[in-house]
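Novice:
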Amino acid sequence: MDELDRRILDILRRDARTPNTEIAAEVGTSEGTVRNRVERLVEEGVIERFTISTRTGNLKAMIEVTVAVDVDTNDVSELMADWKDVDFVWQVSGEEDIVLVVDAADTRAVNDLITRAREHDDVKSTKTRLILDERLG
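Oh and the sequence shown: position 122 is 112 in the working numbering, straight run, nothing missing.
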């Protein structure tokens, strides 16, 4: 991945629907070059998906999960990624092992996810942070 790829990705992170022609004009190359590079980035798995960011009025939170030392965090992460209202699952360093980023209708739905995580045999503890405001980078 070179500097041009990084510039294209920066634009797509802000708006995944940006037309290739606009990206090309901004980075100073042709539309075909942008199209080919985006296709390659998708094929190589650098771009995993094109998604949206919403302001639904829902409650957004991060549920930080600590698992036992002998647990494969990949297995737990894959399981939790399939749960309703979970947008992202991050494996992180530090005190916690996994962070669930959730977009739920209300506090009850967030609490249901916390309870579900705590009921999992491999989970030692959880900590929850409500997201009060969000800005695109």
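All C-beta atoms, glycine included, are put in the ideal place defined by N, C-alpha and C.
In this text, all values refer to a predicted model and were calculated from it rather than measured experimentally.
Can you tell me the Cα-Cα spacing of D62 and T56, whole angstroms?
Specialist: If you take the alpha carbons of D62 and T56, they lie about 12 Å apart.
Novice: Using alpha carbons as the reference points, say which of L122, R(-3), S83 and D75 lies closest to V129.
Specialist: Here the chain covers residues -9 to 127 and nothing more, so residue 129 does not appear.
Novice: With distances taken Cα to Cα, identify the nearest neighbour of D112 among D87, I1 and E(-7).
Specialist: D112 has its Cα closest to that of D87, out of D87, I1 and E(-7).
Novice: According to DSSP, L90 sits in a beta bridge with which residue or residues?
Specialist: DSSP output for L90 lists I53 and V79 as bridge partner(s).
Novice: Helix, strand or coil for R142, going by three-state DSSP, please let me know.
Specialist: Any property of residue 142 remains undetermined from this structure, which presents the chain solely from -9 to 127.
Novice: Using the three-state DSSP reduction, which class does V113 fall into: helix, strand or coil?
Specialist: Three-state DSSP puts V113 in a strand.
Novice: On the criterion of 16 or more Cβ atoms from any shown chain inside 10 Å, does A51 qualify as buried, or is it exposed?
Specialist: Buried, since its Cβ has 16 or more Cβ neighbours within 10 Å.
Novice: With burial defined as no fewer than 16 other Cβ atoms inside 10 Å of the residue's Cβ, what is the status of M70: buried or exposed?
Specialist: By the neighbour-count rule (16 or more Cβ atoms within 10 Å), M70 is buried.
Novice: Pull up the CB-CB distance for A107 and I53, whole angstroms please, since I reckon it's below 8 Å.
Specialist: Confirmed, about 6 Å.
Novice: Counting only the same chain and skipping the five closest in sequence on each side, list residues whose C-beta sits under 7 Å from that of I1.
Specialist: These residues qualify, in order along the chain: T8, I13 and E16.
Novice: Keeping to the same chain, check which residues put their C-beta closer than 6 Å to that of R119; ignore five residues upstream and five downstream.
Specialist: Closer than 6 Å at the Cβ level, and outside the excluded window around R119, lie M52.
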